[in-house]
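Written below as structure tokens is the structure these notes are about.
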Amino acid sequence: MTRVVVLTGAGISAESGLSTFRDSGGLWEGHDPMAVATPEAFAADPDLVHRFYDERRAALSRVRPNPAHEALARLEAAYGDDLLLVTQNIDDLHERAGSQRVLHMHGRLRSAWCVACDARHEWTGPLRGLTDCPSCAMPALRPDVVWFGEIPHDMDQIHEALWDCDIFCSIGTSGQVYPAAGFVQYALARRAHTIELNLADSDGTTDFHVSRRGPASELVPAWVDELVAGDL
Ligand code: APR
1 MTRVVVLTGA GISAESGLST FRDSGGLWEG HDPMAVATPE AFAADPDLVH
51 RFYDERRAAL SRVRPNPAHE ALARLEAAYG DDLLLVTQNI DDLHERAGSQ
101 RVLHMHGRLR SAWCVACDAR HEWTGPLRGL TDCPSCAMPA LRPDVVWFGE
151 IPHDMDQIHE ALWDCDIFCS IGTSGQVYPA AGFVQYALAR RAHTIELNLA
201 DSDGTTDFHV SRRGPASELV PAWVDELVAG DL
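First residue of the sequence shown: 1, per UniProt numbering; consecutive thereafter.
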């Protein structure tokens, strides 16, 4: 069976009502990433960092997956282990749409990580002021999110899948942050077919064999239909 790797970015969740980072009105317009998304920022002002992620975690209860997330869950049902879904997003919309196997390379909002005992806890409420770890009781919980300067999760598994894939599809990402922005190069090196589904040109657009412009909620279901029908 054709092996497929899909990478998603903030753009796939935009139509669900979650802000992207670099579009107008995006998260990095209202916040300095170096003040809320680095280990140094957390050490300097944990309350500010907790507030930033607590607000985004609370927003998850007000949004729902959109047809793009649902289409990728359909693709997983058809392709099983021949699909690897990698997301840069820390929301849970892929899972709530029905995707069972999602690699969150930048971590997850609905998880808290204890830096004292390394335990991870499902977390839906605020973390600010509640940082005692349920496992070891140390006041050492932080957002389970990969910050700038930290190492993304699951990179070996992702690279292995990219070396082995026939199709690489990038959805809703500006292609400005590595290592995700470099995935298309891995796929090209393996002569995989590369396709981008995005609202606007990204920094990597010229690297893709095919690049379609439009909202993810329209482009992704259409692409999945083509793939499942064997038209690609
Ligand atoms: N449908 C498809 N694409 C969309 C839509 C939409 N409805 N809305 C926006 N986009 C596209 C934009 O054109 C843009 O290319 O989604 C992309 C969003 O880019 P960014 O805001 O840079 O988000 P992303 O690429 O996911 O950022 C990567 O940067 O700050 C870090 O850790 C953060 O994971 C994030 C990483």
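All C-beta atoms, glycine included, are put in the ideal place defined by N, C-alpha and C.
>> Assess contact between the region 167-187 and the region 126-142, defined as three or more Cβ pairs (one per stretch) separated by less than 8 Å. Is contact present?
In response: no
>> Taking the alpha-carbon of P215 as reference, which of H69, D207, A119 and H121 has the nearest alpha-carbon?
In response: Counted from its first residue, the sequence shown places residue 215 at position 215. Out of H69, D207, A119 and H121, H69 has the C-alpha closest to the C-alpha of P215.
>> H94 and L72 - do their beta-carbons sit closer together than 8 Å?
In response: The count along the sequence shown starts at 1 and reaches residue 72 at position 72. The count along the sequence shown starts at 1 and reaches residue 94 at position 94. Yes, the pair counts as a contact, with Cβ atoms nearer than the cut-off.
>> With a threshold of 6 Å on Cβ separation, who are the neighbours of L84 within its own chain once the five nearest residues in sequence on each side are excluded?
In response: On the sequence shown, position 84 is the one that residue 84 refers to. Closer than 6 Å at Cβ, skipping near neighbours: V5 and A161.
>> In the DSSP output, what is P143 paired with across the bridge?
In response: Within the sequence shown, the letter at position 143 stands for residue 143. Paired residue(s): A112.
> Quick check: the region 6-13 against the region 171-191, are there 3 or more CB pairs under 8 Å?
Replying inline: yes
> Where DSSP assigns a beta bridge to C169, which residues make up the other side?
Replying inline: As a position in the sequence shown, residue 169 is number 169, starting the count at 1. Beta-bridge pairing links C169 to V6 and I195.
> Is the closest heavy atom of ligand 1 to the C-beta of R212 under 7 Å?
Replying inline: Within the sequence shown, numbered from 1, the residue matching residue 212 stands at position 212. Answer for R212: no, Cβ out of range of ligand 1.
>> Please list the terminal residues of the continuous alpha helix (DSSP H) segment that includes E226.
In response: On the sequence shown, position 226 is the one that residue 226 refers to. A216 to V228 is the span of the alpha helix (DSSP H), which, as asked, contains E226.
>> To the nearest angstrom, how far is the alpha carbon of T124 from that of D47?
In response: Counted from its first residue, the sequence shown places residue 124 at position 124. Counted from its first residue, the sequence shown places residue 47 at position 47. So the two alpha carbons sit approximately 17 Å from each other.
>> Just verifying my parser: in three-state terms, what is the DSSP assignment at T206?
In response: As a first step, residue 206 is located in the sequence shown; it is residue number 206 there, counting from the start. Correct three-state label for T206: helix.
>> Once DSSP output is grouped into helix, strand and coil, what is the label at E122?
In response: To locate residue 122, count along the sequence shown from 1; it is residue 122. In the structure shown, E122 sits in a strand (DSSP, three-state: E or B).
> What's the gap between the Cα of L188 and the Cα of W113?
Replying inline: Stepping through the sequence shown from its first residue, residue 188 is reached at position 188. Stepping through the sequence shown from its first residue, residue 113 is reached at position 113. Computed Cα separation, rounded: 35 Å.
> So does Q176 have its beta carbon nearer than 7 Å to some heavy atom of ligand 1?
Replying inline: The residue given as residue 176 occupies position 176 in the sequence shown. The answer is yes for Q176.
> If you draw a straight line from the C-alpha of T205 to the C-alpha of P179, how long is it?
Replying inline: As a working mapping, residue 205 is identified with position 205 in the sequence shown. As a working mapping, residue 179 is identified with position 179 in the sequence shown. Approximately 16 Å between the Cα atoms of the pair.
> On the premise that V228 lies in contact with A78, defined as a C-beta separation below 8 Å, what is that separation, rounded to the nearest angstrom?
Replying inline: Taking the sequence shown and counting its residues from 1, the one referred to as residue 78 is at position 78. Taking the sequence shown and counting its residues from 1, the one referred to as residue 228 is at position 228. Going by Cβ atoms, the distance from A78 to V228 rounds to 5 Å, so yes, they are a contact pair.
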